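Protein chains: 2
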Amino acid sequence: MSNSFTRTTKQRNAVIEVLRDHKGFISAQDIHNFLKNSASTVGLSTVYRTMTALTTSNDVDVMLREDGEALYRLCSSVHHHHLVCRDCGTTIEIQADYVEAWAKDVSQAHGFSDIDHTVEIVGICKKCKK
Amino acid sequence: MSNSFTRTTKQRNAVIEVLRDHKGFISAQDIHNFLKNSASTVGLSTVYRTMTALTTSNDVDVMLREDGEALYRLCSSVHHHHLVCRDCGTTIEIQADYVEAWAKDVSQAHGFSDIDHTVEIVGICKKCKK
DNA sequence: TTGCTAATGACAACCATTGTCAATAAGGAA
DNA sequence: TTCCTTATTGACAATGGTTGTCATTAGCAA
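The listed protein sequences correspond, in order, to chains R and A.
Here the first sequence stands for residues 16 to 145, numbered as in the numbering used here.
Here the second sequence stands for residues 16 to 145, numbered as in the numbering used here.
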């Protein structure tokens, strides 16, 4: 955790706690709702601010759902992609050097520079298949 | 164009015209603004309705910008990915059988089924590099 | 304990998108 | 061509996620 907070607060810890306990991606709204029904309430603004900070420091990954809502997840800091269950949200991090190389090659071949890429695979996991 | 409209209207033609003339992705709001300053005004609701229909019929690709706003683009109907210029929006369609196969392999290896995947490469094109 | 100020939270503001509904117009029938 | 049915439109309201505002609160260093 290499975030850029200058102070430690219980609110932030509560948010990070939720992220830790939650396997898979979760929205800011859901984090807020979850905490509402718990001992430590945290304001919605604070949840958003915390997510922005954690995103900037690369402690969480962001993913956009089809309707545009942002989903967050604690993650390893090395570059990776996701295999996400459409049903339960369970997420597996994937590393794929070949895909990285491919993205680089393709873009260079077309004269593109300063490349960034997104690779997400969404499906139904074994558990939800039943 | 295999859309599911039961009638032809000038509004819809105007929207499709804009998509034709625009190289790269464009938002519904921008299509609306563009038409506002032209001969044929089209209501915002109609733009959205048209985009929804064209998306359903697979005549346009949708892409979500970082802020969650949806961007649209006329496209070939075969499955493909995009190489997009962050600056001018110019888009190149990419086909990559290897990546398809990889996505399938990885997900099967983890017990996932009913797979869908997204691959987007964003960078700066040659023209904008200057 | 005190003081500075980062951080919080309630609420308003923003803005893309969707819903509503009366008015309009496409296009087949007569 | 004219009439009629109804798909489509457009102005406007409503929704909902996200960001901005600002007075109040609370880390934490001295």
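Don't be surprised by glycine CBs; every beta carbon is placed ideally from N, CA and C.
In this text the structure is predicted, and so the values were computed from the model without any measurement.
When DSSP reads this structure, Met78 (chain A) sits in a beta bridge with A:Leu86. Residue-level contact by beta carbon holds for Asp131 (chain R) and chain A, with a gap shorter than 8 Å. The shortest C-alpha to C-alpha distance from Thr106 (chain R) to any of R:His94, R:Val114, R:Cys90 is the one to R:Cys90.
Annotation: the continuous alpha helix (DSSP H) that includes Thr61 (chain A) extends over 59-71.
Gly138 (chain R) has its alpha-carbon roughly 37 Å from the corresponding atom of Ala29 (chain A). One finds Leu79, Gly83 in chain A with Cβ atoms closer than 7 Å to the Cβ of Leu79 (chain R), taken in chain order.
Assigned with DSSP and collapsed to three states, Val93 (chain A) falls in coil, not helix or strand. The beta carbon of His37 (chain A) does not come within 8 Å of any beta carbon belonging to chain R, so the residue lies off that interface. Residues of the stretch 108-129 of chain A whose Cβ lies closer than 8 Å to any Cβ of chain R, in chain order: Ile109, Ala111, Tyr113, Val114, Trp117, Ala118, Val121, Ser122, His125, Gly126, Phe127, Ser128, Asp129.
Cβ-Cβ distances below 6 Å link Arg27 (chain R) to Thr65 in the same chain, with the five nearest sequence neighbours on each side left out; the list follows chain order. Residues of chain R whose Cβ lies closer than 8 Å to the Cβ of Leu69 (chain A) do not exist; the shortest such Cβ separation is about 16 Å.
Annotation for His47 (chain A): the continuous alpha helix (DSSP H) segment containing it runs 43-51.
Within chain A, the residues His125, Gly126, Phe127, Ser128 have their CB atoms less than 9 Å from the CB of Cys140 (chain R), given in chain order. Across the set A:Lys119, A:Ala54, A:Cys103, the C-alpha of A:Cys103 shows the shortest separation from the C-alpha of Cys143 (chain A). None of the residues of the stretch 37-64 of chain R has a beta carbon lying less than 7 Å from any beta carbon of chain A. When the beta-carbon positions are compared, Leu98 (chain A) and His125 (chain R) come within less than 8 Å of each other. If you look at Asp102 (chain R), you'll find it isn't in any alpha helix (DSSP H); DSSP assigns it neither H nor E.
Beta-bridge analysis with DSSP links Asp131 (chain R) to A:Val137.
With contacts defined as CB atoms closer than 8 Å, Leu50 (chain R) and Val33 (chain R) qualify as a contacting pair. Interface annotation, Ile31 (chain A): not in contact with chain R, CB-CB separation never under 8 Å. For Lys145 (chain A), there is no enclosing alpha helix (DSSP H), as DSSP gives it neither H nor E. Annotation: the continuous alpha helix (DSSP H) that includes Ala124 (chain R) extends over 112-124.
Annotated as distal: Tyr113 (chain R) and Phe40 (chain R), with beta-carbon spacing of 8 Å or more. Leu69 (chain R) and Val75 (chain R) do touch by the CB rule: their CB atoms are close to 4 Å apart, below 8 Å.
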